[in-house]
Structures are given as structure tokens and as C-alpha cells.
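Trainee:
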Amino acid sequence: MSSPVALRAHFPVLETTAYLNAGTCGPLPAAALQAGADSALAAAEEGRSTAYYERLVEARDGLRARYAERLGAAAPEDVAITSSTSEGMARVLTGLDLRSGDEIVTADDEHPGLLGPLSAARRLRGITVKVVPLRVIDQHIGRRTKLVACSHVHWATGELAPEGLANRPAGVPLLLDGAQGAGAVPVDVGTLRCDFYAAAGQKWLCGPIGLGMLWISPAWQERLMAHMPTYPHLADPSAGLDARPWPDARAHDAFATSAEALIAGRASHDVLADAGWDSVMSRAAGLASDLAGELADRGHTVAPRGHTTLVSWRSDDPAEMVERCARHRVIVRSFPGLPWVRASVGAWNDRGDIDRLLAALGQS
Ligand SMILES: Cc1ncc(COP(=O)(O)O)c(C=O)c1O
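Per the numbering used here, the very first residue in the sequence shown carries number 6; after that it's consecutive.
1. Output needed for A240: all residues of its chain with C-beta closer than 8 Å, excluding positions within five of it in sequence on either side, in chain order.
2. Does DSSP put G133 in a helix, a strand or coil?
3. So the candidates are V307, P213, D355, V97; which of them puts its Cα closest to the Cα of A42?
4. Mapping DSSP to helix, strand and coil, what is I142?
5. Check whether the segment 166–179 and the segment 286–300 are in contact - that is, three or more C-beta pairs closer than 8 Å.
6. In whole angstroms, what is the alpha-carbon distance linking Y236 and P242?
7. Applying the 10 Å Cβ sphere with the 16-neighbour rule, what's the burial state of R338?
8. Using 8 Å as the threshold, is the segment 67–76 in touch with the segment 263–272, meaning 3 or more CB pairs across them?
9. What is the rounded straight-line gap between the Cα of S273 and the Cα of D358?
10. Does the structure place the segment 220–238 close enough to the segment 27–34 that three or more beta carbon pairs sit under 8 Å?
11. With DSSP collapsed to three states, give me the class of I109.
12. From R75, G52, A11, T55, pick the residue whose C-alpha is nearest to that of R271; which is it?
13. Assign V350 to one of three DSSP states: helix, strand, or coil.
14. Of the residues R347, A256, P17, which one's Cα is nearest the Cα of D322?
15. Figure out for me which residue from D182, T262, G77 has the closest Cα to the Cα of E63.
16. Going by DSSP, which residues form a beta bridge with D182?
17. Going straight from the alpha carbon of S156 to that of C211, what length do you get?
18. Here's a check: name, in chain order, each residue in its chain whose Cβ is nearer than 8 Å to the Cβ of T196, leaving out the five neighbours to either side.
19. Using a threshold of 8 Å, state whether the C-beta atoms of R334 and A23 are closer than that.
20. Tell me whether the beta-carbon of V84 lies closer than 8 Å to the beta-carbon of A95.
21. For the alpha helix (DSSP H) containing M218, list its first residue and its last residue.
22. For S317, would you say it is in contact with chain D, using Cβ-to-Cβ distances shorter than 8 Å as the test?
23. H238: beta carbon under 7 Å from a heavy atom of ligand 1?
24. Just tell me which of W318, E115, F201, D279 has its CA closest to the CA of A11.
25. Give the straight-line distance between the Cα atoms of L129 and A365, rounded to the nearest whole angstrom.
26. How about A95: is its Cβ closer than 7 Å to a heavy atom in ligand 1?
27. Go through its chain and collect everything with a Cβ distance to H257's Cβ below 8 Å, but skip five positions before and after it.
28. For the candidate residues C199, W160, V194, whose alpha-carbon lies nearest to that of Q185?
29. In chain order, what residues of the same chain have a beta carbon less than 7 Å from the beta carbon of N354, not counting five sequence neighbours either side?
30. Apply the 10 Å Cβ neighbour rule to E164 and answer buried if 16 or more other Cβ atoms are within range, or exposed otherwise.
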């Protein structure tokens, strides 16, 4: 890794703030801001015609290849460029042939980005949803189970999905919500043996809001229905009514993504790639586990977690604790209805950020 100090220098927010909130949105690197602004300026000065669209397509292809690498995908075309993790999950739940009486198994306290499409499938298609603890979800797959849909890394606790999910019964597809996975912890869709992996561009990849990815295993690419194919999804848009969607994940791309977002997202990714992904991920998880240990030493109840970049601890008044931290320019978050406060620790953070958080917890 280029030195942690060199990586940190890319992120303006860190000059003033102990920013521990990449689980919501990663810090934006200055290079991404500049790349996006350059693109917008060129569009304003030159207009948006062929050259602009060529740059957009080049950036989209480049980002697809980068996202595919992050997930361990065999080919860029196995990855859709979505607008968000949630869009990817909604596309899977609406594209599967789910029928009344089918069961989906999910975990406790999943993010509403997954619960929303699950609840719609229950209401509109009569499926049942079984909710069980994440750590034992692999033991709750039954005869009627048509899908397992859960976090790869749990957003509220930092817990990892059990490895046993890779050995689930054949024929039961697995959708992993990787919003807190991609860019944060090593992801290899082959080792995970999932069928769908949805993730975010704006969190651990530090891109702008409006970018996401959905990996679809080759075995599912023809079976997952693309319900709303329109021109970006068509292999040959000039074929009129005979036009067909791409036979791969591109049939599930977002309807539109701006060149500015794609170009900025590519630049953000490359700031981290230049630092070296292995070092970025191991440094972040190492700092997070130091924080978890120190919180426990100070008497805080730390939520059960895996070797991830999220650390949550119990509070009687999580919203107040988040506000107190913010008064000291330490950014963490709480969750509606849950007792946790969460710090998201990235490779861009340093010991000083951790010390500022620990100090803020002891102040008023
Ligand atoms: C586990 C999890 N899933 C889904 C989401 C929603 O992500 P997006 O905004 O990319 O749809 C989040 C966002 O915090 C999350 O933590």
C-alpha cells in the first residue's frame, strides 16, 4: 500500500472530521470530484453529442470491468451497473419466477433495501418470508425455500453471513446483499457460491450516489427475467420490435447513469486500487477490530461481529450519542429501532480518528 498518510490525503473531509461513516457513504476523494467536474464542464462547453456519449460508454465499460474484478466475476458482462444495491436486489426479486406458497429465507434486521422488495413479493405474489438469525440462516433452508436473501456483511452489526451458506442444498439460489461487502472485505462470488451479489458504488468504493452493481451468475442470466428492457438493455437497439435484451447482466443495468457519476466513480475506485486492495481491506478491518477491542475494554457492549469494517456498540440513546459525536466532528450513525451506534472504519482512517471517537464518547 502507498502509505496510509498518502491515501488519507486524497479525502478532503478527513482534514477536519473523523469520518467513520463509509457504511452510509464513503468519503469522496478530491480526484473523483475533479474528474466529475471536468466531465460536466466539457459537457457544458462542447455540448452533449457523440464525443460525450463515447466518454460515457467508455466510463461505463471501465467501471463494469473494475466492479467485476472487485467481486471476482469471470467476465465484466456478468455485472450490471445499477443505481444502487437496492435496485440490484429489487431486480432479482422481481425477475425470479416466484409464486404463491414459495418461501424466501432472510435474516433478522436486514436493511430496508432488501426488506422492501421482499415485502412487495409477499404482498403481490403471495410468497412467505421466514426471518431467522443471520448466523444460523443456513440451517433454515427447507423444501419450500425458493431463495435465500440476506446480508453478506450485516449493516447493523458487521456480522458475516455463515460460510455454511456455500453448502446449501443444490437448486436454492442465494442473493447476497453486499452493500457492506464490496470494497470493504474480500469478495469472491465463486467462493461464496452465491447466485446474485448486489452492492454499492457510494459506500466502500467511495463513488458518488447513483452507482451500484449486480453480479448475476452465468447460470441465472437467462432465467432472471428482465421485466423492463429498454434501449440501454438491448443487444441491438436498431432491430425495432425484434430487439432483444443482452443475454447477460447488462440486461439489468440502470435505465440511465450520468457520465459524470461514472467518471467520478471510476476515479474513486482507482484511488483505492492504487493503494492496493489487499492492503486497503486488511488495514480497514485491522483498525476496526482494534476499535472493537478498545470499546469492549472501556465497558461498551460491542455487537457480535465478523472480521469486517463495521463496529457497533449498544447505547441507551443511540441518536443522542451520534449527535454528541457530531459535536466533536466525529461522524457515526444509529439505526431506527435498533440499540446500536455504528462506526465504519476505512483504510483512510487512522489512529487519530479512533482516538477522537473514543474521546467523544466520554464527553458531553
Ligand atoms: C446492508 C445494506 N443493504 C442495502 C443498503 C442500501 O444501499 P443502497 O443505497 O446502495 O441501495 C444499505 C445501505 O446502507 C446497506 O447497509
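Just so you know, even glycine gets a beta-carbon here, dropped at the ideal spot from N, CA and C. Since this is a predicted model, take the numbers as computed values, not measurements.
Mentor: Result, derived from the coordinates:
1. For the purposes of this step, residue 240 is taken as the residue at position 235 of the sequence shown. If we look at A240 and ignore the five residues flanking it on each side, its Cβ neighbours are A248, R249, P250, W251, P252.
2. Within the sequence shown, numbered from 1, the residue matching residue 133 stands at position 128. It is Thr, not Gly, that sits at residue 133 in the sequence shown. For T133, the three-state secondary structure derived from DSSP is strand.
3. Translated into positions along the sequence shown, residue 42 becomes position 37. If you compare the alpha carbons of V307, P213, D355, V97 with that of A42, the shortest gap goes to P213.
4. Taking the sequence shown and counting its residues from 1, the one referred to as residue 142 is at position 137. Helix, per DSSP.
5. Taking one beta carbon from each stretch, the segment 166–179 and the segment 286–300 have fewer than 3 pairs nearer than 8 Å; the two do not touch.
6. In the sequence shown, the residue the question calls residue 236 occupies position 231. In the sequence shown, the residue the question calls residue 242 occupies position 237. Answer to the nearest angstrom: the Cα atoms are 6 Å apart.
7. Taking the sequence shown and counting its residues from 1, the one referred to as residue 338 is at position 333. The Cβ neighbour count for R338, taken over all protein chains shown within 10 Å, is at least 16; the residue is labelled buried.
8. Segments in contact, yes.
9. As a first step, residue 273 is located in the sequence shown; it is residue number 268 there, counting from the start. As a first step, residue 358 is located in the sequence shown; it is residue number 353 there, counting from the start. Taking the straight line from one Cα to the other gives about 21 Å.
10. These segments do not touch.
11. By 1-based counting over the sequence shown, the position of residue 109 is 104. In the three-state reduction of the DSSP assignment, I109 falls in the strand class, which pools E and B.
12. As a first step, residue 271 is located in the sequence shown; it is residue number 266 there, counting from the start. The shortest C-alpha separation from R271 is found at R75.
13. Position 345 of the sequence shown, counting from 1, holds the residue named residue 350. V350 falls in the coil class under three-state DSSP.
14. Locating residue 322 in the sequence shown gives position 317, where the first residue counts as 1. The candidate whose alpha carbon is nearest that of D322 is R347.
15. In the sequence shown, counting from the first residue as 1, residue 63 sits at position 58. The shortest Cα separation from E63 among D182, T262, G77 belongs to T262.
16. Counting from one through the sequence shown, the residue named residue 182 turns up at place 177. Note: D182 sits in a beta bridge opposite S156, A203.
17. Locating residue 156 in the sequence shown gives position 151, counting from the first residue. Locating residue 211 in the sequence shown gives position 206, counting from the first residue. Annotation: S156 to C211 spans about 20 Å, alpha carbon to alpha carbon.
18. Along the sequence shown, read from residue 1 onward, the residue named residue 196 stands at position 191. Excluding residues within five positions, the ones whose Cβ falls inside 8 Å are G77, A171.
19. Taking the first residue of the sequence shown as 1, we reach residue 334 at position 329. Taking the first residue of the sequence shown as 1, we reach residue 23 at position 18. In this structure, A23 lies closer than 8 Å to R334 by Cβ.
20. Position 79 of the sequence shown, counted from the start, is the residue given in the question as residue 84. Position 90 of the sequence shown, counted from the start, is the residue given in the question as residue 95. With respect to A95, V84 sits apart: the two C-beta atoms are not nearer than 8 Å.
21. Within the sequence shown, numbered from 1, the residue matching residue 218 stands at position 213. DSSP places M218 outside any alpha helix (DSSP H); the residue lies instead in the beta strand (DSSP E), whose first and last residues are 217–221.
22. Checking the listed chains, one finds no chain D in this structure; it contains a single protein chain.
23. Taking the sequence shown and counting its residues from 1, the one referred to as residue 238 is at position 233. Not under cutoff, so the answer is no.
24. The sequence position of residue 11 within the sequence shown is 6, counting from 1. Residue D279 is the option with its Cα nearest to A11.
25. In the sequence shown, the residue the question calls residue 129 occupies position 124. In the sequence shown, the residue the question calls residue 365 occupies position 360. Cα-Cα distance, rounded: 47 Å.
26. For this step, residue 95 is matched to residue 90 along the sequence shown. Flag unset: Cβ of A95 not near ligand 1.
27. On the sequence shown, residue 257 is found 252 positions in, with the first residue counted as 1. Short of 8 Å from the beta carbon of H257, and not among the five residues preceding or following it, lie these beta carbons of its own chain, in chain order: A85, T87, G93, R96, G100, L219, I221, L229, A231, H238.
28. Within the sequence shown, numbered from 1, the residue matching residue 185 stands at position 180. Nearest Cα to Q185 within the set C199, W160, V194: W160.
29. As a working note, residue 354 is residue 349 in the sequence shown. When the five nearest sequence neighbours on each side are left out, the beta carbons in the same chain lying within less than 7 Å of the beta carbon of N354 are those of L25, L292, in order along the chain.
30. Against the sequence shown, residue 164 aligns to sequence position 159. Around the beta carbon of E164, 16 or more other beta carbons sit within 10 angstroms, so the residue counts as buried.
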